[in-house]
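Colleague: Protein chains in written order, with the numbering used here: chain P, 301 to 675; chain D, 166 to 836; chain A, -19 to 319.
Beta carbons are placed, not taken as given, at the ideal position from N, Cα and C, and that holds for glycine.
Have a look at the structure that comes next, please.
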Amino acid sequence: MPLDGSEPYLKIENLWKAFGKFLALKDVSLDIHEGELICFLGPSGCGKTTLLRAIAGLDLQTKGSVHQGGKDVSSLPPSERDFGIVFQSYALFPNLTIEKNVAFGLENTGRSKVEITDRVSELLAMVGLADQSKKYPAQLSGGQQQRIALARAIATNPGLLLLDEPLSALDAKVRVYLRHEIKELQRKLGVTTVMVTHDQEEALAMADRIVVMKDGVIEQVGTPTEIYSTPKTLFVADFIGEMNQIPATAGPSGAVSFGNGTMKSLPHDFTDGHPIIAAIRPEDVIPHGDEAHVLGSDDVVETEENALEVVVDEMEFLGSFWRCRLQHKRFGESELIADFSINAVRRLSLAEGGTMTVELPKNRLMAFERPEAVE
Amino acid sequence: MTDATQHTLPAGPSIKGKLSRDDIIMRGSMVVIGLYLLITMVFPLYAMLSKSFSTFQFDLSAYEVQVSDEAGATFSNPIRLNDLNEQLKVLEDSDMIAGSDGRLGVTQFFPDFSFRSPVKYRIRNTTDEGRFLVGSTLTDSTEWVELDSNTFRRVQLRPVKSTGFGNFRSYFATPALSNSIKNSVLIATISTIVTVTLAFWFAFALSRSCMRFKGLFRLIAMAPILVPSLLPGIALVYLFGNQGMLKELLFGASIYGPIGIVIGSVFFTFPHAFLIISTALAISDGRLYEAATSLRATPWRTFWTVTIPGARYGLVSAAFVVFNLVITDFGLPKVIGGQFNVLAVDIYKQVIGQQNFEMGAVVSVVLVLPAILAFAIDRFVQSKQVALLSARSVPYQPKPNKKADWILFSYASLIGIFIIGMLAVCQFAALVKFWPYDLSFSLNNYQFDRMDGGGWGAYYNSIKLGLLTAIVGTAIIFFGAYLVEKSNGFKTGRAIFQMFAMLPMAIPGMVLGLAYIFFFNNPANPLHAIYGTMAILVVCTVTHFYTVSHLTATTALQQMDREFESVSASLKQPTLKLFGRVTVPVCLPSILDISIYLFVNAMTTVSAVVFLYSPTTSLASIAVLNMDDAGDIAPAAAMGMMIFYTNAGARIFHLIASRGILSRTQAWRNR
Amino acid sequence: MTIFQKAMTSAAALAISATAAFAEAELTVYTAIEAEDLARYAETFNASHPDIKINWVRDSTGVITAKLLAERDNPQADVVWGLAATSLLLLKSEGMLEAYAPAGVEKLDPKFVDKDETPAWVGMDAWVASVCYNTVEAEKLGLTPPTSWKDLTNAQYKGHVIMPNPASSGTGFLDVSSWLQIFGEDDGWAFMDGLHENIARYTHSGSAPCKLAASGEIPIGVSFAFRGAKSKAAGAPLEIIVPSEGVGWDMEATAIVAGTDDLEAAQKLVDFTITKEANEMYNVGYAVVAYPGIAKPVEHFPANLLDAMIDNDFEFAANNRAAILKEWAGRYDGKSDPK
C-alpha cells in the first residue's frame, strides 16, 4: 500500500448531505491514496452510495469539500471531474453495439478513428470480450455486460474509478469470479478505485481498505484484517463476520464479568460495573486441549480464568467446519457459538449433549458499549 | 465512535454547484421552451381574462345639454345628463352596462320631446373621454353642438371603457346566455353516462369474452378519432334530419338539439372512453377471477365484486375525460345543436356573430371552470390508476362461453354498425348528386373550389398544418420532456415547467383560440406578425395538444436508465450527443406515436383554430364547418371524409413506417 | 406545352412583373367580396390604373368588421371595398372613415350613398331578402305558398320555417331590422312573436336557410334572393318569393379608412368603384347595383325585387343594433330550450 505519507489522492473533508430534514451524510472525512481500492461497506441507507455520488459530483454534498489530485473539485459538475463509473444497472446504451458503447467516451477527444478502434479492441481484449464487439448489450449475459461497463468506464484512463454495487445484480458464482477479475484489473491499471457494496465478503476479498458506514457516519476505516479482528464498534463487529455477543459488565480494564465470574479481555475504557457486550468470534473459541493446533506463538493462553466448562447443545456440520452451540450458566439465555475444525471435533470426540472445556483467549475477547435496548 | 452532538447540520451556506456547460445548455433550453409555453398559453389566457373584465359603460356625467325655448333662441342653463336622470329616474344603474357597440338615445331624458317641435337642443362632452354620435358621425370634442329637435333624436351616446365585473353581471342577468351553462352541463352529463356505459360493455366484450373479430372491433372503435367532431353531426342530419333516411325512428322528435348532440358526442368520445376503460380492464388481476370461481361466486356476483371495483378508476377517469370533451366541443353543437345553446358555441356566436369580444371572453372564463375541474379530478384519479398498474398481477384469460360470447358479439356488432354507419352515411351523402331529389352518383360535391370555406387549398393547408405540427410539435415537446426529466437540480424551474406542460389539457380549444386573438392580434405585440399566418395555427395546435404528447414522452423517458446522463457526463461527452445517439433512437416508437397523434389532431381540430385562420390559411376542418354553416352539407360531408381517409392513410403509413424504422433501428430489442 | 403556349406564359409573366414594376402605390384593401371575384375586380381596376397595386385581405363580413374594429387605434387597411353598409356605419361611428365624395357620385342611386354632405361611404350593389320556398316538400306537406311576411305566421307553417339568427348573420339582422321598419316597433315584435312559433330553428349563416330549403330539409327558408337564384340554377325545386310588404336589404359599399398613407391612391380606387364600368362588373353576381339603369337581369331572379326593396334606414339599423339584438335574444334565444 502506498502509505508513504504523501498527500492523499482523494481528500474528503467534513462532508454533509441533507435531503430535506434527513441527513444522509454527517460530517464525513476520509483520505484515499493513489492506487488504493477502497470499499464503502454498510447496510442500505447508510450513506455509502450518497458518498460515492458526492465524490462523482452527481449529487452535490450540502457542505464540506472534496479534493482530487490536489485540486478542489467540491463544486464541480461531473463532466469536469476525472472519474469513470460503473453502475449497478451498468447503464449500457441499449441501441449501441458493444464497441460503440466502449468507444462512446473516446469520441471528441482528439483521437483518430484508428486510435479509437485500437483502444476499443485493447479494452475488449482486456475484459476478455474481443469476439463480442458487434453485439448489442441485450445479447450478452449479465456478467459480460458488467465487464463492458467496466471497459467503457476505464476507456479514457480516468484517475478514479467508481463502482456502485457493480456485482449485486449477478448470481453468486459469477460474482465470485468477477470479484477476482476486477481486483486483477485494478492492480494492473493501478487506478484508484472506490467501490460501494453491502456485501461484506466482497469487501473483505477485494478491498485494500474498507470504510464501514452506518447512518451517514463512518464507523471504522481499516484494512480487511483490521476491520475483522479489531472492530472498533459493536456494529462493525456484528456487520462483518460472525460475532458472539454476550451481555456482561465491565471489570477493571482488561477484564469483563459474567454474573459471578470474571474473565480477562482486551483492554477497554469502561468503568468498573458499566453494562457492556462481551464479544468473541466463533472461530476464536478454542477447545481445551487443542490450543497448540490453533494458536500461534505470540498468543497467550490464560487457562485459569478464561476456561469454561460448557454443554454442547447443538452441532451443525457446515462443510469445512462444525458450528457448535455451547451453553454455560454464566451466559444465561445466550448460547456461545463456536466453530471447530473437523479435526478438532474428531480429536475431542465431541457430540451433542456432551460437555467440554473451552478457552476464550483474552486477546480475542472484546468489550463494547451495551446498546440501551437489548432484546 | 459516533457522537450525538455532531448530528446537526452546521450553519452556513450550502455548497453551490458550478454548472457544467451541459447544465447551462439544458437549463437555457428549458427556459426557452418554458417561455414558449408562457407566450403561447399563459400570456394569451391572461390577455383573455383581462378582456373579460374590460367593460363598457355609459357615463351620463360626461355629457351636458341645453334646451331652448319655443323660439329656438334662448337656451336653458347647461345640465348634466346624470343630474337629469336623478330627477326623472329614467334609467337604472344596470342600464348603464353596455357592449363595445352600445348606443343610448338621449330623447328619453326629455319627456316633452317631439321631433316636430321647434325647440332646439345643444349637447357637448364635458370630458375628452366623452363620445356621442349624431346619426353615425362621431363627436368627441367638448364643443357645444346645436341641433334641431329632428336631428337631436338621432343623437346616440357611446359607452366608455372601464374595468369591472359588469360583463359577468350582465352575463348572468341574460338568461339567453347563462342558460347555456345548464345546457352544457346537462348535455355533457348525459353523454358521459351513455358513452361510458356503452364503452364499458364494449371493452368488456373485448377483454372478457372469447368472441371473434376482436382486432377488427378494436379498429372500428378507434375510427371516430380520425374525424372532426362535426362529422357525426352531418351524418345525423342525413339520418334523422327532416329528409333523413331513418327519420321515423325519432317519432317526430327533432334531431337538431340535445338528442343530436348526445348521439354525436357518443360517437366522437367513444374511442377515448373505450381506450381508458379497456386499459383498466386489461390490468385487472386474473387471480381474483380464479379466487371467485373457486368460491363458487355467480358470474353476476363476480362482476360486481371483481370486475367493477377493478375498473373503477378507469371508469371514473373515462367519465371525466368524456365530460371534458363534450363540454368543450364546439363543432358538433354548431352543426346539430339547433336552438339548443351551449357554452362553446356561445363563444363563437359572441365573437364571430356579434364582435362582442368582451362577452366572448366572459363565456370562455365560464367554460374554463368546469373543464379545469373535470381535468383536475381526472389527473387525480389517473395517479391512482398508475399505482394499480405497477402492482404485480396475472392477466385474465377468458374462457369460452357460447351464450355470453354470442350476446357480447351481437352487442359489439351493434356498436360497430353504429360507428361504421355514421361514416358510411357521410360518404354516401358526399357522392350523391342532390339529396334527396337526385340520387345519382357524382363527384360534384368534391368541387370544393366552388364552395365557401377555402376549397381544395384548405385541404392542402390542413395537411401542411398536420405535418408542421407533427414535426415542430414533436421536436419541442419531446425535447421539453427530456429536459424536465433529465436535468440536474433546478427543481423549481422543472416544477413550473411541468405545470405549464399540464395546463393546455385543461384549456378548451375555443378559449385558447380566442385568447390568441386578444394576445397576438394586438398591434403592440411584437409577435403580431404571425397573426393570420400558418405559424400561428401551428403554434396554437402544438400548444392545444401539448399535454398528452408531453405525458407520452415523459412515460417513455422514465423507462430509460436514470444513469445514462451520469455515465455520459463521466465520459465527458455532451448531453446533447447522448440525446441524439441514445435517447432519441431508444424512444423512437414513442416519438412516432406523438407525431401521429399531433398530425391526426391537427387535421381534425376546429375549435382552437376557428378564430385564427385567414383566407390563405383556411383548413379542411374549418371548411367542413363553413360549408355546413352555409348549408352546403354534402360538400361538408365530402371534405369530412377526406379528413378521415387522410388520417386513416397517415395511420397506416405510420404503422408501416414505424415497423420499417423499428426493424432497422431497434435491432437491439431482439435478443 | 407547345412552344406557343410557353411563349404566351412567359409573356404573361413578363406582363405581370411589368405591372408590378410599374405600380407606384400599393393599397391594402379589406373586403368581404367572394374570393372568386377578387381577381376579376382587381384586373378590371388595374386595366385603367396600372400604377396602383391592390393587396387584398379577405374574410367573411363578421370577421372583417371585427378585424377593422380591433385595429381601430392602428388601422392596417387603406380602403374597404365590398363590405356591408351596416358594418361601414359601425366604422363610421368610430370615426374610422375618411369622408370623400368620389367623382361622379351624383350619378348613383341616392339610396346607395351615405346621407352626409361628404359621404363617408358609397354603395356598390345590394343583396335583398326573400323567401326560398321548396315546392316539392311544400306540396308533400300540403302547404300553400305564402305571399307576404304576415302569411308566415299562419299556423299551417308551424315548424316549417327556418331563418338566420340575427345575432350571427347579417342577413338575419337585415330581416329583423326591416320588419321593425315595415311594421313599426310594436307590430314588428308582435310579428316576430308569431313567426317564432313557426320557426324550426335559427341558423348561424344567412345563406343556410335557402340551401336547406333547396335540399328539402325545410320547405321555407328566409334568406336572400341571390342565394335562392343560385340554388334554383343548380336544379333545386325552389320558388323565390318576394313578400308583398317589401323586403329588407343591405349593400356592399366602399370607404376610405381614415389615416391611410396614400390618400390619393385610395381616392382613385374609390372613384373607380362607382364608375359605370365597375357597376357592370358587380352586375355579374348581383342583380341590383348602385348605378341606375345598367343592371341586366340575373337568371332566376324574381322580377319585382327592385320595387319591393324598402327605403332602408341604415342609421336606424346600425344605431339600434345592440338594443335590437338584446331584445331579440331575450325574446327568442332565451326560450330556446329543447323542443
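(1) Please report the distance separating the alpha-carbon of Ile641/D from that of Ile759/D.
(2) Please report whether the beta-carbon of Phe599/D lies at a distance below 8 Å from any beta-carbon of chain A.
(3) Using DSSP's beta-bridge definition, name the partner residues of Ser110/A.
(4) Spatial neighbours of Trp129/A within its chain, please: CB distance less than 6 Å, with the 5 preceding and 5 following residues excluded, ordered by chain position.
(5) So which residues of chain B does Lys656/D contact, with C-beta pairs closer than 8 Å?
(6) Going by C-alpha distance, which of Ala689/D, Ala462/D, Ile262/D and Val284/D is nearest Ala238/D?
(7) Is the distance from the Cβ of Glu78/A to the Cβ of Val237/A below 8 Å?
(8) According to DSSP, which residues form a beta bridge with Pro575/P?
(9) At what residues does the beta strand (DSSP E) containing Asp313/D begin and finish?
(10) State the start and end residues of the unbroken alpha helix (DSSP H) segment that holds Ser365/P.
(11) Do you know offhand how far Leu315/P's Cα is from Asp538/P's?
(12) Give the list of continuous alpha helix (DSSP H) stretches no shorter than 4 residues that lie fully inside the region 443 to 507 of chain P.
(13) Could you tell me whether the Cβ of Tyr602/D comes closer than 8 Å to any Cβ of chain A?
(14) Is Pro671/P buried or exposed, if buried means 16 or more other CB atoms sit within 10 Å of its CB?
(15) Go ahead and pull the three-state DSSP assignment for Phe333/D.
(16) Suppose contacts are defined by Cβ-Cβ distances below 8 Å. Is Ser375/P in contact with Ile180/D by that definition?
(17) What does a CB cutoff of less than 6 Å around His574/P pick up in its chain, not counting 5 residues either side in sequence?
(18) What residues in its chain sit with their C-beta under 7 Å from that of Pro739/D, if we drop five residues either side in the sequence?
(19) With 9 Å as the C-beta to C-beta threshold (strictly closer), list the residues of the region 504 to 519 of chain D near chain A in chain order.
(20) Residues in its own chain within less than 7 Å of Asp572/P by CB, not counting five upstream and five downstream?
(21) Straight-line CA distance for Arg301/A to Val268/A?
(22) Can you look up Leu460/D in the DSSP assignment and give me helix, strand or coil?
(23) Name, please, each residue of chain D whose Cβ falls closer than 7 Å to the Cβ of Val43/A.
(24) Applying a beta-carbon distance threshold of less than 7 Å, which residues of chain D neighbour Leu360/P?
(25) In the DSSP output, which residue or residues are listed as bridge partners for Trp622/P?
(26) Check Ala607/P in the structure and name its three-state DSSP category.
(27) So Gln161/A and Ile290/A are supposed to be a Cβ contact under 8 Å. How far apart are they, rounded?
(28) Look at the alpha carbon of Val325/D and the alpha carbon of Asn35/A, and state the distance between them as a whole number of angstroms.
(29) Between Ala638/P and Pro661/P, what straight-line distance do the alpha-carbon atoms span, to the nearest angstrom?
(30) Roughly how many angstroms separate the alpha carbons of Gly619/D and Val271/D, rounded to a whole number?
(31) Assign Thr659/P to buried or exposed, taking buried as 16 or more other Cβ atoms, counted over all protein chains shown, within 10 Å of its Cβ.
(32) Once DSSP output is grouped into helix, strand and coil, what is the label at Tyr611/D?
(33) Any idea if Asn134/A is buried or exposed, counting beta-carbon neighbours within 10 angstroms, 16 or more meaning buried?
(34) Looking at the C-beta of Ala178/A, does it have a partner C-beta in chain D at a distance below 8 Å?
(35) To which residues of the same chain is Lys72/A closer than 6 Å at the C-beta, ignoring the five residues directly before and after it?
(36) Identify the residues that DSSP records as bridge partners of Met696/D: which are they?
Modeller: So, from the data block:
(1) 11 Å
(2) yes
(3) Ser203/A
(4) Pro223 and Glu225
(5) No chain B appears in the structure shown, which is made up of the protein chains P, D and A.
(6) Val284/D
(7) yes
(8) Thr549/P
(9) Val310 to Asp313
(10) Premise fails: Ser365/P lies in the beta strand (DSSP E), Lys363 to Gln368, not in any alpha helix (DSSP H).
(11) 26 Å
(12) 472 to 489 and 500 to 506
(13) yes
(14) exposed
(15) helix
(16) yes
(17) Ala550
(18) Asp187
(19) Gln504, Phe505, Asn506, Val510, Tyr513, Lys514, Gln515, Val516, Ile517, Gly518 and Gln519
(20) Ala550, Gly551 and Pro552
(21) 25 Å
(22) coil
(23) Ile517
(24) Ile180 and Gly182
(25) Phe617/P and Phe640/P
(26) strand
(27) 6 Å
(28) 34 Å
(29) 13 Å
(30) 45 Å
(31) Correcting the residue type first, residue 659/P is Glu in the shown sequence and not Thr. Buried: at least 16 other Cβ atoms inside 10 Å.
(32) helix
(33) exposed
(34) Position check: residue 178/A holds Asn in this sequence, whereas Ala was assumed. It does not: the Cβ of Asn178/A has no partner Cβ on chain D nearer than 8 Å.
(35) Ala100
(36) Residue identity differs from the one stated: residue 696/D is Tyr in this sequence, not Met. BP columns for Tyr696/D are empty, so no partner.
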